[in-house]
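S.K.: Residue numbers (my numbering): 2 to 261. I'd like to ask some things about the structure below.
What follows is the structure in structure tokens.
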């Protein structure tokens with residue numbers, strides 16, 4: 002039987018400003034990637050999202066990004082050294098670990114956000130800086146990465162357990178990278194289309210690029226972004242379609258943490 006994790010980026014509000022319906026999403030997904038205060042989120046949102054995830058039996062992970070609330074962490078930022086990136090990521094992981102502890106929950110994975118994720122997918126020095134930060138904070142943390150990316154290689158090289166991720170709501174280029182959001186149609190909004198694509202990804206081990214190229218893909222986890230208007234409906238449609246196809250939807254087994 003095929004097995005897959007279903008994850009969502011969440012906790013991405015700030016103060017009185019909310020982003021997405023996290024409570025509803027936590028009834029559907031099996032893993033939650035929580036913003037750590039740089040691109041979005043704050044201590045109260047982090048702690049409350051961790052509490053809700055624990056209540057609903059959902060695993061949580063750190064979702065570190067660039068210090069870029071105005072651009073929601075989706076703007077390319079240059080100038081930071083690999084050492085600075087390493088410290089930035091470690092800082093954010095630690096922040097979520099503290100807030101999760103207040104809620105009685107535990108962080109089990111790390112997935113970079115937005116531009117940081119996309120840049121590190123192809124830039125080896127950036128990928129290695131993030132992987133070093135993950136390993137330094139806790140080598141038992143699972144590292145969520147794009148398949149066959151620079152992050153995949155960095156995590157494997159450092160002995161981290163990598164979870165390879167595919168996206169329900171994004172289109173792909175012929176080289177396997179995500180289509181830039183600036184390109185029309187790069188974000189999928191139709192729940193039925195997303196569900197159909199995900200079932201093919203999981204059962205066939207492939208996805209079709211926006212130009213029609215068949216791309217082999219091995220995924221351990223599927224992401225639905227929480228900040229789109231159809232996010233909850235899409236996540237629900239994806240989960241129902243997977244289960245109808247005989248796929249078991251469950252979180253990955255965590256590695257025993259040295260700090261647990």
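From the three backbone atoms N, C-alpha and C, an ideal C-beta is built for every residue, glycine too.
#1: Following the continuous beta strand (DSSP E) through residue 231, name the residue where it begins and the one where it ends.
#2: Excluding the five sequence neighbours on either side, which residues of its own chain have a C-beta within less than 6 Å of the C-beta of residue 29, listed in chain order?
#3: Return the residue from the list 207, 200, 210, 214 that minimises the CA-CA distance to residue 248.
#4: Could you tell me which uninterrupted beta strand (DSSP E) segments, each at least 3 residues in length, are contained entirely in the stretch 82 to 153, listed from first to last along the chain?
#5: For residue 66, which residues of its own chain have a beta-carbon under 6 Å away from its beta-carbon, when the five flanking residues on both sides are left out?
#6: Just mark residue 150 as buried or exposed, buried being the case when its beta carbon has 16 or more other beta carbons within 10 Å.
#7: Residue 252 and residue 6 look like a contact to me (Cβ under 8 Å); what is the Cβ gap, rounded to whole Å?
#8: How long is the line joining the alpha carbons of residue 11 and residue 49, rounded to whole angstroms?
#9: Could you tell me the boundaries of the beta strand (DSSP E) in which residue 35 lies?
#10: Smallest Cα separation from residue 27: which of 70, 169, 232?
#11: Taking all protein chains shown into account, do 16 or more other C-beta atoms lie within 10 angstroms of the C-beta of residue 261, making it buried, or fewer, making it exposed?
#12: Please state if the CB of residue 155 and the CB of residue 129 are separated by a distance shorter than 8 Å.
#13: Report the rounded CA-to-CA distance for residue 108 versus residue 140, giving the unit in angstroms.
#14: Bridge partners of residue 208, per DSSP?
#15: Nearest-angstrom Cα distance between residue 8 and residue 111?
#16: For residue 64 versus residue 100, is the C-beta spacing smaller than 8 Å?
#17: Identify, in the order they occur along the chain, each residue of the same chain with its Cβ nearer than 8 Å to the Cβ of residue 287, setting aside the five sequence neighbours on each side.
M.R.: To lay it out plainly:
#1: Run containing residue 231: none; DSSP gives neither H nor E here.
#2: These residues qualify, in order along the chain: 236, 237, 240.
#3: Comparing C-alpha distances from residue 248 to each of 207, 200, 210, 214 shows the shortest one belongs to 200.
#4: Correct list: 108 to 111, 143 to 146.
#5: If the five residues before and after residue 66 are omitted, its C-beta is found closer than 6 Å to the C-beta atoms of 39, 40, 74, 114, 115, 117, all from its own chain and listed in chain order.
#6: Counting of Cβ neighbours within 10 angstroms places residue 150 among the buried residues, the total reaching 16 or more.
#7: Separation of the CB atoms of residue 252 and residue 6 is rounded to 5 Å, and the pair is thereby assigned contact status at 8 Å.
#8: The C-alpha of residue 11 lies about 11 Å from the C-alpha of residue 49.
#9: First-last of the beta strand (DSSP E) with residue 35: 32 to 36.
#10: That would be 232, whose Cα lies nearest to the Cα of residue 27.
#11: In this prediction, residue 261 scores a pLDDT of 48, lower than 50, which makes its location untrustworthy; no coordinate-derived value is stated.
#12: It is a contact, given that the beta carbons lie within the stated cut-off.
#13: Near 12 Å, if we compare the C-alpha coordinates of residue 140 and residue 108.
#14: When beta bridges are read from the DSSP output, residue 208 appears opposite 216.
#15: A direct Cα-Cα distance of roughly 12 Å separates residue 8 from residue 111.
#16: Not in contact: residue 64 and residue 100 (Cβ atoms no closer than 8 Å).
#17: Nothing about residue 287 can be reported from this structure: the residues present for the chain run from 2 to 261 only.
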